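**Q** Below: one structure in C-alpha cells.
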Amino acid sequence: MSSSQSLACACGRFNLLVQGDPITSVECHCDSCRAAGARLGKLPCARSMLGPQGGTRFVLYRKDRVRFTAGADQLREFRLSPGAGSRRVLASCCNTPVFLEFKGGHWLSLYAGLWPDGTLPLLEMRTMTGDLADASFLPDDVPNLRNQSVSFFAKLMKAWIAMGFRSPAIDVKGEIRA
Numbered sequence: 067m068s069s070s071q072s073l074a075c076a077c078g079r080f081n082l083l084v085q086g087d088p089i090t091s092v093e094c095h096c097d098s099c100r101a102a103g104a105r106l107g108k109l110p111c112a113r114s115m116l117g118p119q120g121g122t123r124f125v126l127y128r129k130d131r132v133r134f135t136a137g138a139d140q141l142r143e144f145r146l147s148p149g150a151g152s153r154r155v156l157a158s159c160c161n162t163p164v165f166l167e168f169k170g171g172h173w174l175s176l177y178a179g180l181w182p183d184g185t186l187p188l189l190e191m192r193t194m195t196g197d198l199a200d201a202s203f204l205p206d207d208v209p210n211l212r213n214q215s216v217s218f219f220a221k222l223m224k225a226w227i228a229m230g231f232r233s234p235a236i237d238v239k240g241e242i243r244a
C-alpha cells in the first residue's frame, strides 16, 4: 500500500486524506456526469468538473480509505433529480467538487480537481463512451469503454471483499441547488 495523500478544496477550508492505492482512475462520459458538470460549473467560483473531451475525471477509493480531516461541515449534496440514486458532493465554501457517491456504494469517486498539479493518478480507462453521440474524437491513449468493463467491476468487487462487504454511510448536511 502506498502512503497517504492530503487533498483540499480550492480555498483550503475542507481537507481530506486518502490512504493507500486507489481502486482505479477513470474518466466518465455518461449523460449524468456531463449534465451535472454543466449545471454545477455555473455555480460561483466553481471549478470545472468536465475535462477537455467533456468527461469527468475520477479517482475511486474505498470509503474506509478516505478520511475528512477538516471542514466536513462545508459538504453539501447535489442530485440531478430528487429521487436520484447518486449524489455529487461539493465543498460549499468554494463550490469545489469533492466526490460522487452511488447509493449503497462502498467507494467514493473523488473528483480529479482535488489533486495538486502533477499528483493525479494516471488515467486507466474512459467509461460510458456509449452515451456520446460520436466517441471517435476521444484519444486512444487508454481503453474507451462503451460501458463499464468486467475488469472495472472486478476491481470494485475486490475492494468490497477487502472491506468485509461493508458500505459505510457518509453523512452530509444540506443541499446545493443548481
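Using this note's numbering, the letters of the sequence shown correspond one by one to residues 67 to 244.
Just so it is clear, CB atoms sit at the ideal spot from N, CA and C, and this is done for glycine as well.
This one's a predicted model, so the numbers in the text were calculated from it and none came from an experiment.
Do Thr-162 and Leu-126 have their CB atoms nearer than 8 Å?
**A** To locate residue 162, count along the sequence shown from 1; it is residue 96. To locate residue 126, count along the sequence shown from 1; it is residue 60. Contact: no.
**Q** Tell me where the beta strand (DSSP E) around Ser-175 begins and ends.
**A** Counted from its first residue, the sequence shown places residue 175 at position 109. Start and end: 173 to 177.
**Q** Taking C-beta to C-beta, are Gln-71 and Thr-185 nearer than 8 Å?
**A** Working through the sequence shown from its first residue, we reach residue 71 at position 5. Working through the sequence shown from its first residue, we reach residue 185 at position 119. Against a cut-off of 8 Å, the Cβ pair of Thr-185 and Gln-71 comes out as a contact.
**Q** Tell me which residue opens and which closes the alpha helix (DSSP H) that Val-216 is part of.
**A** If you number the sequence shown from 1, residue 216 lands on position 150. Unbroken alpha helix (DSSP H) run through Val-216: 216 to 228.
**Q** Can you tell which of Arg-131, Ala-199 and Ser-147 has the C-alpha that lies nearest to the C-alpha of Arg-105?
**A** As a position in the sequence shown, residue 105 is number 39, starting the count at 1. Comparing Cα positions, the closest option is Ser-147.
**Q** Inspect the beta-carbon positions of Arg-154 and Phe-168 and report whether they are closer than 8 Å.
**A** Position 88 of the sequence shown, counting from 1, holds the residue named residue 154. Position 102 of the sequence shown, counting from 1, holds the residue named residue 168. Taking 8 Å as the Cβ cut-off, Arg-154 and Phe-168 do not qualify as a contacting pair.
**Q** Counting only the same chain and skipping the five closest in sequence on each side, list residues whose C-beta sits under 8 Å from that of Met-67.
**A** Numbered from 1 along the sequence shown, position 1 holds the residue referred to as residue 67. Its pLDDT being 48, under 50, Met-67 is placed unreliably by the model, and the measurement read from it follows with that caveat. The residues are Gln-85, Gly-86 and Asp-87.
**Q** Measuring CB to CB, does Asn-213 end up less than 8 Å from Ala-201?
**A** Locating residue 213 in the sequence shown gives position 147, where the first residue counts as 1. Locating residue 201 in the sequence shown gives position 135, where the first residue counts as 1. No, the pair does not count as a contact, with Cβ atoms beyond the cut-off.
**Q** Counting along the chain, where does the beta strand (DSSP E) carrying Leu-83 start and finish?
**A** Walking along the sequence shown from the start, residue 83 turns up at place 17. Its beta strand (DSSP E) spans residues 81 to 84.
**Q** Starting from Ser-72, trace the alpha helix (DSSP H) in both directions and tell me its first and last residue.
**A** On the sequence shown, residue 72 is found 6 positions in, with the first residue counted as 1. Not the alpha helix (DSSP H): Ser-72 falls in the beta strand (DSSP E), residues 71 to 74.
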